[in-house]
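Chains as they are written, first to last, in this note's numbering: chain U, 29 to 851; chain W, 16 to 255.
Every residue gets a Cβ at the ideal spot worked out from N, C-alpha and C, and that includes glycine.
None of these values were measured; they are calculated from a predicted model.
Have a look at the structure below before the remarks.
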Amino acid sequence: MSAHIERSRAWFAEQNWTVFDFQIEAWQAWHRGESGLIHSPTGSGKTLAAWLGPVQAAMEETEIDPTRPPGTAGEPDSALRVLWITPLRALASDTVKSLSQAASAHGLDIRVEARTGDTSSRKREQQRYDPPFALVTTPESLSVLLSYKEGERTLSGVHTVIVDEWHELLSSKRGVQLELCLARLRGINSELKVWGLSATIANLEVAMKTLLGPKQTGRIVQGHVPREIIVDTLLPTTIANFPWSGHLGIQLIQPIIETISEHKTTLLFTNTRAQSELWFKALLEKRPDWVESLALHHGSIDRALRHDIEDRLRDGKLQCVVCTSSLDLGVDFSPVDQVIQVGSPKGVARLMQRAGRSGHRPGAVSRVLCVPTNTLELVEIAAVRLALEQRRIEGRTPLTLSLDVLSQHLVTLALGAGFKAEPTLAEVRSTHAFEQLSDEDWQWVMDFITRGGQALQGYPQYHKVLDIRGVYRVMNKEIGQRHRMSIGTISSDTQMAMAYRNGKRLGTTEENFIARLNVGDTFQFAGKSLELLHVKDLTAYVKATRKRGRFVARWGGTQMPLSTELADSVLDTLDAWRDNTITTPELSAINHVLAIQSSWSHLPGASQFLIESINTGDSNSLFCYPFAGRLANEGLAMVVSARLTKQAPITIEIQMNDYGFELQSPSELPKDEDTLRALFTTENLLDDILDAINSGEIAKRKFRDIARISGLIFDGYPGRAKSTRQVQASSGLIFEVLQEYDANNLLLDQSRREVLVAQLEFKRLETALQAVAKREWIIKTLQRLTPLSFPLWAEGIQSQMMTSENHQVRIERMLKELELAAS
Amino acid sequence: MNRSNHTLNLNGAQVQLLPERALFWEQENALLVADVHLGKEYVFGRQGIAIPAGSSESTLRRLSALLAQTNAHECIVLGDFFHDTPSPHDSWLNAVSEFLDQHPTVKVCIAAGNHDKPRGQERIDSRITWHNEPVQRGPLVLQHEPGQDDRGYVLAGHIHPVISIGKAFQRGIRGPCFWQQPDCLVLPAFGEFTGGRSVTPAKNDAIFMIGSQSVVPVPNNALFGQRRRTTRTLTAKPST
Numbered sequence: 029m030s031a032h033i034e035r036s037r038a039w040f041a042e043q044n045w046t047v048f049d050f051q052i053e054a055w056q057a058w059h060r061g062e063s064g065l066i067h068s069p070t071g072s073g074k075t076l077a078a079w080l081g082p083v084q085a086a087m088e089e090t091e092i093d094p095t096r097p098p099g100t101a102g103e104p105d106s107a108l109r110v111l112w113i114t115p116l117r118a119l120a121s122d123t124v125k126s127l128s129q130a131a132s133a134h135g136l137d138i139r140v141e142a143r144t145g146d147t148s149s150r151k152r153e154q155q156r157y158d159p160p161f162a163l164v165t166t167p168e169s170l171s172v173l174l175s176y177k178e179g180e181r182t183l184s185g186v187h188t189v190i191v192d193e194w195h196e197l198l199s200s201k202r203g204v205q206l207e208l209c210l211a212r213l214r215g216i217n218s219e220l221k222v223w224g225l226s227a228t229i230a231n232l233e234v235a236m237k238t239l240l241g242p243k244q245t246g247r248i249v250q251g252h253v254p255r256e257i258i259v260d261t262l263l264p265t266t267i268a269n270f271p272w273s274g275h276l277g278i279q280l281i282q283p284i285i286e287t288i289s290e291h292k293t294t295l296l297f298t299n300t301r302a303q304s305e306l307w308f309k310a311l312l313e314k315r316p317d318w319v320e321s322l323a324l325h326h327g328s329i330d331r332a333l334r335h336d337i338e339d340r341l342r343d344g345k346l347q348c349v350v351c352t353s354s355l356d357l358g359v360d361f362s363p364v365d366q367v368i369q370v371g372s373p374k375g376v377a378r379l380m381q382r383a384g385r386s387g388h389r390p391g392a393v394s395r396v397l398c399v400p401t402n403t404l405e406l407v408e409i410a411a412v413r414l415a416l417e418q419r420r421i422e423g424r425t426p427l428t429l430s431l432d433v434l435s436q437h438l439v440t441l442a443l444g445a446g447f448k449a450e451p452t453l454a455e456v457r458s459t460h461a462f463e464q465l466s467d468e469d470w471q472w473v474m475d476f477i478t479r480g481g482q483a484l485q486g487y488p489q490y491h492k493v494l495d496i497r498g499v500y501r502v503m504n505k506e507i508g509q510r511h512r513m514s515i516g517t518i519s520s521d522t523q524m525a526m527a528y529r530n531g532k533r534l535g536t537t538e539e540n541f542i543a544r545l546n547v548g549d550t551f552q553f554a555g556k557s558l559e560l561l562h563v564k565d566l567t568a569y570v571k572a573t574r575k576r577g578r579f580v581a582r583w584g585g586t587q588m589p590l591s592t593e594l595a596d597s598v599l600d601t602l603d604a605w606r607d608n609t610i611t612t613p614e615l616s617a618i619n620h621v622l623a624i625q626s627s628w629s630h631l632p633g634a635s636q637f638l639i640e641s642i643n644t645g646d647s648n649s650l651f652c653y654p655f656a657g658r659l660a661n662e663g664l665a666m667v668v669s670a671r672l673t674k675q676a677p678i679t680i681e682i683q684m685n686d687y688g689f690e691l692q693s694p695s696e697l698p699k700d701e702d703t704l705r706a707l708f709t710t711e712n713l714l715d716d717i718l719d720a721i722n723s724g725e726i727a728k729r730k731f732r733d734i735a736r737i738s739g740l741i742f743d744g745y746p747g748r749a750k751s752t753r754q755v756q757a758s759s760g761l762i763f764e765v766l767q768e769y770d771a772n773n774l775l776l777d778q779s780r781r782e783v784l785v786a787q788l789e790f791k792r793l794e795t796a797l798q799a800v801a802k803r804e805w806i807i808k809t810l811q812r813l814t815p816l817s818f819p820l821w822a823e824g825i826q827s828q829m830m831t832s833e834n835h836q837v838r839i840e841r842m843l844k845e846l847e848l849a850a851s
Numbered sequence: 016m017n018r019s020n021h022t023l024n025l026n027g028a029q030v031q032l033l034p035e036r037a038l039f040w041e042q043e044n045a046l047l048v049a050d051v052h053l054g055k056e057y058v059f060g061r062q063g064i065a066i067p068a069g070s071s072e073s074t075l076r077r078l079s080a081l082l083a084q085t086n087a088h089e090c091i092v093l094g095d096f097f098h099d100t101p102s103p104h105d106s107w108l109n110a111v112s113e114f115l116d117q118h119p120t121v122k123v124c125i126a127a128g129n130h131d132k133p134r135g136q137e138r139i140d141s142r143i144t145w146h147n148e149p150v151q152r153g154p155l156v157l158q159h160e161p162g163q164d165d166r167g168y169v170l171a172g173h174i175h176p177v178i179s180i181g182k183a184f185q186r187g188i189r190g191p192c193f194w195q196q197p198d199c200l201v202l203p204a205f206g207e208f209t210g211g212r213s214v215t216p217a218k219n220d221a222i223f224m225i226g227s228q229s230v231v232p233v234p235n236n237a238l239f240g241q242r243r244r245t246t247r248t249l250t251a252k253p254s255t
């Protein structure tokens, strides 16, 4: 085999590239039949490290029998050998290109093809009968392939699966779906080699175990040491004492324009799609001459438009792209020589990833210019630098026991080749996600897909999966088609398409946003001022307008919370500022703000827990700062208010941010340490939070994904939904019906669990409660709002009600308040 | 809290809006409901979508209780009594017969809606009277889909109206409602397993939201967005 490694070496030499040790290590490991994980930053050659092993082997195959084209030798009657899994279908075509190039440079004549949601149905059908040597695909498309009768035969010759950007899939349901598909592939070929490619995360070992299955052994191939990252900050000249989110950044537009002009190509990252719209608009207003060289890129912009922007970016035709995490991943955009991060990156790994988008050469230094959008973000920037020095990097936790994904997968298998219960249970348990699956839960899922769950015994006509002499199958064509269509959809809220009158699509936005606009209203979307003309069949028709948009399109989806690692680093940074052991330009710039916080109230550090209380005339507020990140802070606020509402009828409104939360109520709120400590106890935490979840809307919202994945709701596609109208119901309605008539349904359980784990970061919340219990409690009564409390007070938008008063009282009071405000 | 029914005078007909998502017509001693959607969960079940049984029976129990409570002599359904043509074995068909047995003196008639297919009507207990055209009764016209009628003020269903109140761009409260227009009143859906669709009332419309004990009139300025359409759009589709 070493002869073929030599061939690769020679090709590298021709290209004037160096072969890295980790690449040779990966090739050799592959030839020995090993599986594993290759860890290396983007653009460092890990694609070739994973791909050339199979290429070298295919060369050997052709040399043994030159008359046979590669990929057809041996037993299996399918030519498919390698599956390349990518998290983004947008990456597929570039990946196909670079894999084909490398193969033909080795003198190998093989086909590499993409198979994603974008591939035509004709092409996909052809691929099932005449597959190429390698298929570049997504987890969903792989799943769909397994749902065809001949799918397993097509996949029977696959010896290698390579999962690109595995860290992106790791902590999502798509990751669970892939784990199950890989288990099936291992069932078809016990010798299957699985290789993951991952950027830097803290728990590489867990990432590998999850990919390979807990019983398999593997090797971590360590690529390059991550490049050095230099974090610069654009300091505002004047700094407000009271951080008011979003407004500071735009002030800095002039220096930003200057630095963009001084560089060839800049990527300007924002944290939300709405912010990217605002920045794009602001830049264009200042520099109308950039209309051709400035672009906007985010996940809701139509795919064709995004492809076009990516092409122009690669060709070096763009001065600047304003983007969101939509450009975090992906192939090299070599012309990029500057990265700007607007707003705190909220996580260390995320900043590393974004910084890595520039200086795309192995060994080069990555630089990132941070632009704060409020005063306190300057602390976070200083903290992220500290965390980078101390190499505090976040991990990603894989999901377990997602019964919705399991039931979807089982229906997929039943629709494909059919499955037998016992071997399939063993196969399912061989994954990390379902290693701990109990017999009861398995039985429940089997009941759910065959009989519609225990509560459905009254329906003789229920059939989805049938037991035909011990083999589970889907026999109904309509059910099968519907199932296939719902495999492919990545979950999201109801999205509405946006298009011009001639049908040209611009992208998607939340249905709610459109619902609140009137015909004739103008708004900002995809970097354009648009006027709403009419709405039909889940499409909003618009026309371009010169009038300035009054609104900016909004999308659901929560912002990333401040990571634990970065939050700890923030507290350490504040301590260091107080002890005078740190000087950074960011902290010097906000000396006076930190001083006001210290003198009006207190500046918390790693060993204190600060609570501020204030009466603002008609309402009382309590500000608590556990520094647990937005999600866990929301959970804490819910627990504390649930406990308060149990004691007496009271209505509390909640606001939260990454540092803390505010409880606001027309009634009196407690201020003494003993009462407060009792509210923050870890005793009965789980029960109390489940109470809080049940009384709020939160579990219902989470249920949408579960209902869709497990086949309880069917979105269909806009314009195609008509034939399925009789069986459409909203997930909220189904949630209510299940609660009322099938309270033991495990999917309800799962939605509560997901709220706990994903929505409220329950572990982190529990840890935060344990941590604050040990800290010194500092309770201040405020005369006026402080730099820490002001942003919480001002936010208001994310507010949530927690109440023990009944619906009727709430409606009446809300109406009274609104009347008053209106008069 | 005191139970209070909101009373309206519609073209001379005295009607009470009940928080049970129903309407009581005093002069005729009749109870009116819309969009019952019986058997919907069975339709889902047949399609391989696992919705638990029980909501149809529960809907009928609620209707039965309401008839007892109001002493109504007549029950008029404004369409979509059932969701889709039932299979002859669906057990909710028996529940309908039992419901009729319990109320031998109550006349049940239905102004058929888009879901009430004739073949389905045949499979349901024959004591029920079906009208496939709008029914004129005194000053009112009873039909499924909202609209105008020269013969009288229209009572209808079909839309499953739901209203959101609260400040613009914030999460408010959402719930079923009666939607009163100058020449038509739309009832909320009565069935348990029925969703709703948010409606945007025009300037001269009135909205009555369903509370837990009473029906609450919603003032104009409490509606979402606080900016309202001046022209009426009746394009809202029912959400099933």
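For Gly-480/U, go through chain W and note every residue whose CB falls closer than 7 Å to its CB, in chain order. In the first sequence, the residue the question calls residue 480/U occupies position 452. Those are Gly-60, Ala-65, listed as they occur along chain W.
Three-state secondary structure (DSSP) of Trp-223/U: By one-based count along the first sequence, residue 223/U stands at place 195. Residue state, collapsed to three classes: strand.
From Ile-542/U to Ser-759/U, what does the alpha carbon distance come to, in whole angstroms? For the purposes of this step, residue 542/U is taken as the residue at position 514 of the first sequence. For the purposes of this step, residue 759/U is taken as the residue at position 731 of the first sequence. Whole-angstrom Cα-Cα distance: 20 Å.
Are the beta-carbon atoms of Glu-422/U and Ala-230/U separated by less than 8 Å? Within the first sequence, residue 422/U is the residue found at index 394, counting from 1. Within the first sequence, residue 230/U is the residue found at index 202, counting from 1. Yes.
From the DSSP output, which residues share a beta bridge with Pro-176/W? Locating residue 176/W in the second sequence gives position 161, where the first residue counts as 1. BP columns for Pro-176/W point to Arg-212/W.
For the beta strand (DSSP E) holding Gly-190/W, just list the boundary residues, first then last. Within the second sequence, the letter at position 175 stands for residue 190/W. Looking at the DSSP string, the run of the beta strand (DSSP E) that includes Gly-190/W is 188–196.
Ordered list of beta strand (DSSP E) runs contained in the segment 549–629 of chain U, each at least 3 residues: 550–553, 556–564, 567–572
Within chain W, the residues that Gly-739/U reaches when beta carbons sit closer than 9 Å: In the first sequence, residue 739/U corresponds to position 711, counting from 1. The contacting residues are Gly-63, Ile-64, Ala-65.
The segment 458–467 of chain U / the segment 428–447 of chain U touching (three or more Cβ pairs under 8 Å): yes
Along the segment 197–212 of chain W, what residues have a CB closer than 8 Å to any CB found in chain U? Glu-207, Phe-208, Thr-209, Gly-210
Here's the rule I'm using: 16 or more other beta-carbon atoms within 10 Å means buried, otherwise exposed. How should Met-876/U be labelled? Since the first and last residues shown for chain U are 29 and 851, residue 876/U lies out of range.
Residue from Ala-383/U, Thr-814/U, Glu-804/U whose Cα sits closest to the Cα of Arg-705/U: In the first sequence, the residue the question calls residue 705/U occupies position 677. Checked all of Ala-383/U, Thr-814/U, Glu-804/U; the closest Cα to Arg-705/U is Glu-804/U.
Span of the beta strand (DSSP E), counted from its first residue to its last, around Ile-91/W: The residue labelled residue 91/W in the question sits at position 76 within the second sequence. It spans 89–92 - the beta strand (DSSP E) in which Ile-91/W sits, taken as one unbroken run.
Along the chain, where does the beta strand (DSSP E) that runs through Asp-475/U open and close? In the first sequence, residue 475/U corresponds to position 447, counting from 1. Per DSSP, Asp-475/U belongs to no beta strand (DSSP E); it is in the alpha helix (DSSP H), 467–479.
Cβ contact check for the segment 641–657 of chain U and the segment 673–690 of chain U: 3 or more pairs under 8 Å: yes
With a cut-off of 8 Å, does the C-beta of Ala-107/U fall near any C-beta of chain W? In the first sequence, the residue the question calls residue 107/U occupies position 79. No, Ala-107/U does not count as interfacial toward chain W.
Give me the DSSP bridge partner(s) of Ser-693/U. Within the first sequence, residue 693/U is the residue found at index 665, counting from 1. Answer is Asn-648/U.
Measure from the C-beta of Asn-661/U to each C-beta in chain W and report whether the shortest distance is under 8 Å. Counted from its first residue, the first sequence places residue 661/U at position 633. So no, Asn-661/U is outside the interface.
Would a C-beta distance cut-off of 8 Å place Thr-238/U and Leu-174/U closer than the cut-off? As a working note, residue 238/U is residue 210 in the first sequence. As a working note, residue 174/U is residue 146 in the first sequence. Not closer than 8 Å, so no.
Compare the C-beta of Ala-749/U with all C-beta atoms of chain W and state if any pair is closer than 8 Å. In the first sequence, counting from the first residue as 1, residue 749/U sits at position 721. Its pLDDT being 43, under 50, Ala-749/U is placed unreliably by the model, and the measurement read from it follows with that caveat. Closer than 8 Å: no.
As an exercise, report each continuous alpha helix (DSSP H) stretch of at least 4 residues that is fully enclosed by the segment 234–311 of chain U, in chain order. 275–279, 281–290
Tell me whether the segment 78–86 of chain W and the segment 159–168 of chain W touch, counting them as touching only if at least three CB pairs, one residue from each stretch, are closer than 8 Å. no
Whole-angstrom C-beta distance between Pro-82/U and Arg-109/U, which should lie under 8 Å: As a position in the first sequence, residue 109/U is number 81, starting the count at 1. As a position in the first sequence, residue 82/U is number 54, starting the count at 1. Yes, Arg-109/U and Pro-82/U are in contact; Cβ-Cβ is about 6 Å, under 8 Å.
Indicate whether at least one CB of chain W lies closer than 8 Å to the CB of Ser-758/U. The residue labelled residue 758/U in the question sits at position 730 within the first sequence. Yes, because at least one Cβ of chain W sits closer than 8 Å to the Cβ of Ser-758/U.
With hydrogens ignored, establish whether the beta-carbon of Thr-679/U is closer than 7 Å to any heavy atom of the ligand PLP. No copy of the ligand PLP occurs in the structure displayed, which carries no ligand at all.
Beta-carbon proximity list for Asp-146/U, same chain, < 8 Å, skipping 5 on both sides: The count along the first sequence starts at 1 and reaches residue 146/U at position 118. Around Asp-146/U: Arg-117, Ala-120, Arg-331.
Gly-853/U by DSSP, collapsed to three states: which one? The structure shown does not extend to residue 853/U, since chain U spans only 29 to 851, so no value can be given for it.
Does any residue of chain W have a CB that is nearer than 8 Å to the CB of Leu-820/U? Within the first sequence, numbered from 1, the residue matching residue 820/U stands at position 792. No, its Cβ sits nowhere closer than 8 Å to a Cβ of chain W.
So is Phe-637/U in contact with chain B if we call contact Cβ pairs under 8 Å? Considering every chain present, this structure includes no chain B. Its protein chains are U and W.
Report yes if the CB atom of Ser-284/U is closer than 8 Å to the CB atom of Ser-394/U, and no otherwise. Numbered from its first residue, the first sequence carries residue 284/U at position 256. Numbered from its first residue, the first sequence carries residue 394/U at position 366. The sequence given here has Ile at residue 284/U, not Ser. For Ile-284/U and Ser-394/U, no; Cβs fall outside 8 Å.
Leaving aside the five residues before and after Ser-779/U along the sequence, list all residues of the same chain whose C-beta is less than 7 Å from its C-beta, in chain order. Mapped onto the first sequence, residue 779/U falls at position 751. Cβ within range, chain order: Ala-727, Lys-730, Phe-731, Ile-734.
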